[in-house]
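Asker: Take this structure first; my questions come after.
In my numbering, the protein residues as written are 42 to 323.
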């Protein structure tokens, strides 16, 4: 059997140039396409309807991840065997894993999220770091949240770093983007969701709220900027401002860690006796 050779061998190929430009936000927005890199992200994209439209793979990666390449073909994605230099040119990582997918935008209209009557939501307000945004999305997915909302002051959901940090969770739950924070809070309230701000300036802490037994209902957590938290005007919109208690000597928690603590606290309260999830799932 003759060895398989890549069909795309030059980074100068027009097809490669189009994919490479998806590393830039303005081009992503114009084309409504983004990059998903690595086997985990591509596998999840291939399992999410017709999201995956194109796949670039080295010969080695195509052999190693034959199941992923097969899944990509099954959903109608164009598959290109590419030289290592081509993958390195498209990829935004230092050490590419041999698979780069081109995917359609998959954000969900905010009104659709509200119509689904979500019980646990993460709202990212003023979050600027793409790695943090992706990690919070992953935490929300793990905690069983039904949706994530990124306000218009937050980072681009399809930034390659955010996509990588989500580790495939981007394809697991509805995400609304570009929602003004005032609209996000008002809409969630209208949908029967209690809106809590996670901020070190909170008068009460998470333990107090849990002890009071008031976290069993539908809840949205608003998380702010990594450096300066939430501005006063945003905190004033919410039903309560809670801080994560620090029982040891650590100065603080980073955004993603605090988000994980808050989301899991809500998920646990909702699954306890009398919580809305217990009622729904019984």
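Glycine residues also receive a C-beta, built at the ideal position from the N, C-alpha and C atoms.
#1: Output the distance between the C-alpha atoms of residue 124 and residue 81, rounded to the nearest integer angstrom.
#2: Using C-beta distances below 6 Å, list every residue in its chain close to residue 325, excluding the 5 sequence neighbours before and after it, in chain order.
#3: Is residue 143 helix, strand or coil when you go by DSSP?
#4: Is the beta carbon of residue 140 closer than 7 Å to that of residue 228?
#5: Here's the rule: buried if 16 or more other CB atoms are within 10 angstroms of the residue's CB, otherwise exposed. What is residue 259?
#6: In three-state DSSP terms, what is residue 193?
#7: Taking 7 Å as the threshold (C-beta atoms), are residue 209 and residue 85 in contact?
#8: Quick one: Cα of residue 308 to Cα of residue 57, how far?
#9: With DSSP run on the structure shown, which of helix, strand or coil describes residue 249?
#10: Is it true that the stretch 173-180 meets the stretch 290-305, where meeting means three or more beta-carbon pairs spaced less than 8 Å apart?
#11: Residue 264 lies in the beta strand (DSSP E); which residues open and close that run?
Answerer: Let's see:
#1: As a first step, residue 124 is located in the chain shown; it is residue number 83 there, counting from the start. As a first step, residue 81 is located in the chain shown; it is residue number 40 there, counting from the start. When rounded, the distance between both Cα atoms is 21 Å.
#2: Here the chain comprises residues numbered 42 to 323, so residue 325 is not present and cannot be evaluated.
#3: Position 102 of the chain shown, counted from the first residue, corresponds to residue 143. Residue 143: strand per DSSP, three-state reduction.
#4: Here residue 228 refers to the residue found at position 187 of the chain shown. Here residue 140 refers to the residue found at position 99 of the chain shown. Contact flag unset, no.
#5: Against the chain shown, residue 259 aligns to sequence position 218. The residue in question, residue 259, is buried, as its Cβ has 16 or more Cβ neighbours within 10 Å.
#6: For the purposes of this step, residue 193 is taken as the residue at position 152 of the chain shown. In the structure shown, residue 193 sits in coil (DSSP, three-state: anything other than H, G, I, E or B).
#7: By 1-based counting over the chain shown, the position of residue 85 is 44. By 1-based counting over the chain shown, the position of residue 209 is 168. Taking 7 Å as the Cβ cut-off, residue 85 and residue 209 qualify as a contacting pair.
#8: Residue mapping note: residue 308 aligns to position 267 of the chain shown, counting from 1. Residue mapping note: residue 57 aligns to position 16 of the chain shown, counting from 1. Approximately 43 Å, taken between the alpha carbons.
#9: One-based indexing of the chain shown puts residue 249 at position 208. Residue state, collapsed to three classes: helix.
#10: yes
#11: In the chain shown, the residue the question calls residue 264 occupies position 223. Per DSSP, residue 264 belongs to the beta strand (DSSP E) from 260-264.
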